[in-house]
Amino acid sequence: MIADDDLDFDPPPPPRRPFYRRKRVLVPLALLAAFIAAFLLLLTPDTDREAMIAKYGGPGAAFAAGPAGQRIHYRDQGRRDGPAIVLLHGSNASLHTWEPLVERLGGEYRIVTLDLPGHGLTGAIPGRDYSAAAMIEAVDVVAAKLGLDRFVLGGNSMGGWVAWRYALERPARIEALLLLDAAGMPLRKGERPPESNVGFRLLEYPLGRWLATRITPRMLVEQSLRGSVEKQEIVDEAMIDRYWELLRFPGNREATVIRARTGREPEMAARVREIRAPMLILFGDRDRIIHPSAAQTFHERVAGSELLLLPGIGHLPMEEAPDATAAAIAGFLKRRLAMRAADPETR
């Protein structure tokens, strides 16, 4: 006989319990449910159009109607019989960014500001075109409404890019150009893309662009603002609310995503040499959105341009250093417009 303990075999494994099979199904379902719950919790609706116009436009909010159905929000301030300056804000900003300069220059100049298509109280425009051509048309719409044939044109960041593109397309209308941390110049040899801010970095990815039209946390807007400026003290609660609420104005988030996927036509940078209008190039030397070296590139390419770097200033010099910025603009315009008036070829 063979003893039981001499048998050499492994007992069969116990049957898998139904719990393990359920676990393979329940865990993914739980994760999906958690994702959906988080998405719904963070979902950020558009703001109310009329409420935003009342809050940020006031009872006298002005709109210029264009031939293609545009409805461009603008402000016409300062000395009405003074030289006209038209100012264009940057990406995801609004005409409010220029108010510090209006306060300082409005006693001598007529200052016109506008919300570019897909921004501020202008919001979406028919056709959802947010290219340089559409931005240029928006400037024309407001200029026609106010009867401006010639004017000084200035812009910050994306608005600076629109300004110099406008000068190439409509040179006869431009008295002078003011480029404040303007976009559009290529990286210099050996440079890497700038650090940028968290909001712009998210737009580099398809998922980020999809989420950007649906989820807009106020905290993210604050982080993006703080990542754009060197003078952190200018970022207060009212400023954060304004950027957050106007970004959610109907159509603006979709416009932001469309612009992120629209080419900036980098080949146009070579044509900046064709600009003959007097040009002031003013940059903050701590800009983390556009390399300050871009100011030197503009200066090298445009004959007779003037360059000024503001020490310790970031991407928004008109808000971070309004006194120095206003003084630089006033001095430049007095000097260069007087020279231009004395030149028979420009009269």
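Under my numbering, read the sequence shown as residues 1 to 347, first letter to last.
Just so you know, even glycine gets a beta-carbon here, dropped at the ideal spot from N, CA and C.
- Annotation for Tyr74: the continuous beta strand (DSSP E) segment containing it runs 71 to 78.
- When Met268, Gly127, Arg261 are compared, the shortest CA-CA separation from Ala163 is found for Met268.
- In the DSSP assignment, Met219 falls within the unbroken alpha helix (DSSP H) covering 218 to 226.
- In this structure, the beta-carbon distance from Arg71 to Ala62 does not fall below 8 Å.
- In the three-state scheme derived from DSSP, where H, G and I count as helix and E and B as strand, Asn92 is classed as coil.
- For Glu306, the three-state secondary structure derived from DSSP is strand.
- Here the alpha carbons of Gly159 and Arg261 stand approximately 18 Å from one another.
- Under the DSSP assignment, Met279 falls in the beta strand (DSSP E) whose first and last residues are 279 to 284.
- Residue state for Glu274 is assigned as helix, using DSSP reduced to three classes.
- Closest in C-alpha terms to Leu247, from the list Pro67, Leu153, Arg218, Ala327, comes Arg218.
- Under DSSP, Ala182 forms a beta bridge with Ser157.
- In the three-state scheme derived from DSSP, where H, G and I count as helix and E and B as strand, Leu114 is classed as strand.
- Boundaries of the alpha helix (DSSP H) around Ala295: 293 to 301.
- Straight through space, the alpha carbons of Glu237 and Thr47 are spaced by roughly 18 Å.
- The Cβ atoms of Ile174 and Lys231 lie no closer than 8 Å to each other.
- Ile289 and Tyr166 have their C-alpha atoms some 22 Å from each other.
- In this structure, the beta-carbon distance from Thr216 to Trp244 falls below 8 Å.
- Beta-bridge analysis with DSSP links Ala176 to Val152.
- CA-CA distance, Arg273 to Ala138, rounds to 24 Å.
- Comparing alpha carbon positions, the residue from Tyr130, Gly78, Ala270 closest to Asn252 is Tyr130.
- For Ala133, the enclosing alpha helix (DSSP H) covers residues 132 to 146.
- The bridge partners DSSP lists for Ile85 are Ile111, Val152.
- In the DSSP assignment, Ala64 falls within the unbroken beta strand (DSSP E) covering 62 to 65.
- Nearest to Ile136 by alpha-carbon distance, out of Ala326, Leu180, Glu99, Leu87, is Leu87.
- Residue range 237 to 247 is occupied by the alpha helix (DSSP H) that includes Leu246.
- The beta carbons of Gly331 and Pro250 sit about 41 Å from each other, so the pair does not count as a contact at 8 Å.
- One alpha carbon belongs to Ser305, the other to Thr44, and they sit about 45 Å apart.
- A Cβ-Cβ separation of about 5 Å places Leu177 in contact with Ala277 under the 8 Å criterion.
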